[in-house]
Amino acid sequence: MAAIELEGLTKTYGDVQAARDISFTVESGEVFGYLGPNGAGKTTTLRMLLGLLSPTAGEARVLGADITDERALIGAKRQIGYLPDDPQFDKSATGREILEFHADIKGDERSDELLELFDPPLERPIRAYSHGNVRKLGLVTTFMHDPELVILDEPTGGLDPLMKQRFAEFVRGERERGHTLFFSSHILGEVRRLCDRVGIIRSGELVTVDPVDALLNRSGKVVRLATVDPIPRTTFERDLEGVHDLAAGAGVRTRASPRGEPADDSTAAEDRKQRGDATDDGVYREYTFTFTGHVDDLLAAVSDVELVDLTIEEAPLESIFLRYYGGDDNA
Ligand SMILES: Nc1ncnc2c1ncn2[C@@H]1O[C@H](COP(=O)(O)OP(=O)(O)OP(=O)(O)O)[C@@H](O)[C@H]1O
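UniProt numbering applies: residue 1 is where the sequence shown begins, and numbers increase by one.
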């Protein structure tokens, strides 16, 4: 059974179409990322699914319950966890009191394990919590009744790198247990690491739903090459498939610190030579491009070239919008 189904779901605020005719399905047991820039319509979609906003048009079901059928939705929510983008806990209550409150309402199957993992401070009142600590407490309250479907709105916002890592490991564990996670994010890297499939929303419209591998293959990588000798343009334009937006230049570099000053910065080059930390004439060739081909082919194409530096990074979300969907990404 599908965990979430949307059919033409639409929300209009006056002139603003926050979500327009959105249709997709999240399968049971899947980790699904809902990716889009600020203001794209992610929170609006999530809040409709939870029955917190009524749709202007269209329909949706979560765990089989029609989101406009209040009674059915209340029943389904026993098996749903929800982390809002800005959890509104009672500011005068302590973390422990919040947990007790949630345990009374929804039950508590695993708060001990979650507290060990996310470790929010329990004895101080919420008003003294940092943003990240509210998030950590929110993760505990979201998962403590061990729901089969969890909907999270930008779950890692405000978490430090260690907590983000713990959250990622936790999500992998939940997937192995067969639970379904649907979460919004504006960070491609996060979605890439955690999700099976991803839906991209932009200006209220669903642009694509893809397995995460397919999305990454299409979005390509950003390649930066620095070489001692020039590479003929034909290598990039004819011999190697998948090179886009090639930019070539020159830089003064040291082997220890390849990203240096521009070649025309003769003072810096002279300084380096004086210090003896530049090689040869210190001038290197730099090539930057987006690459949608195979990394093996790239490495083969430059195998005869003396490399100073090579970096291959994930394309930023913005470039995916530009390359495949046109226009800017400001929703
Ligand atoms: N109550 C409201 N009244 C009017 N417009 C709204 C309201 N809530 C949201 N919007 C507008 O709807 C659009 C979608 O907003 P939404 O909060 O769903 O985006 P989002 O993708 O969650 O953004 P973010 O990543 O910044 O949280 C935006 O243009 C926003 O300004």
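Glycine included, C-beta positions come from ideal geometry on N, C-alpha and C.
Query: CA-to-CA distance, R192 to H145, given in whole angstroms; Result: 27 Å
Query: Complete alpha helix (DSSP H) runs within the stretch 83-118 (minimum length 4 residues, chain order); Result: 95-106 and 111-118
Query: Y284 beta carbon near ligand 1 (any heavy atom closer than 7 Å); Result: no
Query: Those residues, in chain order, that have a beta-carbon closer than 6 Å to some heavy atom of ligand 1; Result: Y13, V16, A18, G36, N38, G39, A40, G41, K42, T43, T44, D85 and H186
Query: Through-space distance from V223 to D108, alpha-carbon basis; Result: 48 Å
Query: Whole-angstrom distance between M1 and S219, CA atom to CA atom; Result: 31 Å
Query: Reference A40; option with closest CA among H186, E190, L225 and E314; Result: H186
Query: Reduced DSSP category for H131 - H, G, I as helix; E, B as strand; rest coil; Result: helix
Query: Same chain, Cβ closer than 8 Å to A93, five either side skipped, listed in chain order; Result: F101, P125 and I126
Query: Nearest-angstrom beta carbon gap, L152 and L83 [assumed within contact, 8 Å]; Result: 4 Å
Query: Candidates H179, P316 and D304, of which the one nearest E190 by Cα; Result: P316
Query: Member of I80, L159, N217 and D112 whose CA lies at the smallest distance from the CA of L149; Result: I80
Query: From L114, D69, K164 and Y284, residue whose alpha carbon lies closest to that of T141; Result: L114
Query: Proximity below 8 Å, CB of V308 to CB of Y284; Result: yes
Query: Inter-residue Cα distance where the pair is R177 and I105; Result: 24 Å
Query: Proximity below 8 Å, CB of L183 to CB of G51; Result: A quick correction: the sequence has Phe, not Leu, at residue 183. Taking 8 Å as the Cβ cut-off, F183 and G51 do not qualify as a contacting pair.
Query: Close Cβ partners of R20 (< 7 Å) along its chain, the five nearest in sequence each way excluded; Result: T10, G204 and E205
Query: Given Q88 as reference, the closest of G138, A248, G8 and K42 once Cα atoms are compared; Result: G138
Query: The alpha helix (DSSP H) enclosing P230, as first and last residue numbers; Result: First-last for P230: undefined, no H or E at that position.
Query: For P211, the three-state DSSP class (helix, strand or coil); Result: strand
Query: Whole-angstrom distance between D85 and P161, CA atom to CA atom; Result: 18 Å
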